[in-house]
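Convert by adding 10 to the 1-based position in the sequence shown; the result is the number in the numbering used here. Beta carbons: idealized from backbone N, C-alpha and C, even for Gly. Scroll down for the structure; my scribbles are underneath it.
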Amino acid sequence: RNQEVARLKEQLAATGGRSNDMIIRLPNPAVPAEKPVERQQAAAPAPAATLETAPTIETDAQQTVAPEDAAPASPPEEPGAQPGASAPEGLEQEIEDIRNQGTALTERLLNVRGTGNDEPIRREIARIAAEMIALTAAQEGEASPIPGLLAKASGSSGRESLAKRAKVVMEKRKR
Numbered sequence: 011r012n013q014e015v016a017r018l019k020e021q022l023a024a025t026g027g028r029s030n031d032m033i034i035r036l037p038n039p040a041v042p043a044e045k046p047v048e049r050q051q052a053a054a055p056a057p058a059a060t061l062e063t064a065p066t067i068e069t070d071a072q073q074t075v076a077p078e079d080a081a082p083a084s085p086p087e088e089p090g091a092q093p094g095a096s097a098p099e100g101l102e103q104e105i106e107d108i109r110n111q112g113t114a115l116t117e118r119l120l121n122v123r124g125t126g127n128d129e130p131i132r133r134e135i136a137r138i139a140a141e142m143i144a145l146t147a148a149q150e151g152e153a154s155p156i157p158g159l160l161a162k163a164s165g166s167s168g169r170e171s172l173a174k175r176a177k178v179v180m181e182k183r184k185r
């Protein structure tokens, strides 16, 4: 046992405590959503294939495959999704992309060794947050309370507010 402890201490000293096994990762809200989907795909490969091929089949497949799982989250999105089925697919991809960017930023933050990059990191966090607000508003559609809340926000600080950033992103999305 003492030999094992000594060996581990030597190994720790050799790597300087920076082993890949020791990286701490923050939980990503997108990861739990992906893992069940992967499990469902393994259990039922045919519905997963139909989900990827056609948006109209996607709606039917979700209702027939897992009505209990799809019922709470899917019906509010599906009525707006049926007339323009390609838009929600693009929206889902944008949401996934911004989540991935957030995950990458989290990993960068965990590996930062100083405060020299604070301002660029703050700008990146603000950009990702504004994108998520705009994407959420787009996903909710006309019934979204977000535009009204952003209109009421005041920018009293010296920095550009998150509300203002989100408004700019939403305006760009409309064009």
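Distance from A144 to V122 at the Cβ level is roughly 27 Å; contact not present, criterion being Cβ atoms closer than 8 Å.
By the Cβ-count criterion, G158 is exposed, with fewer than 16 other Cβ atoms from all chains shown falling within 10 Å of its own Cβ.
Per DSSP, the unbroken alpha helix (DSSP H) holding V179 starts and ends at L172 to K184. Around the Cβ of K177, a 10 Å sphere holds 16 or more other Cβ atoms; the residue is buried. The C-alpha of A163 lies about 8 Å from the C-alpha of K174. Here the C-alpha atom of E170 lies approximately 11 Å from the C-alpha atom of A140. Taken through DSSP and simplified to helix, strand or coil, T125 comes out as coil.
Remark: C-beta atoms of S154 and A147 approach each other more closely than 8 Å.
Remark: C-beta atoms of Q111 and I131 do not approach each other more closely than 8 Å. When DSSP states are grouped into helix, strand and coil, G151 belongs to the helix group. Short of 7 Å from the beta carbon of E104, and not among the five residues preceding or following it, lie these beta carbons of its own chain, in chain order: L145.
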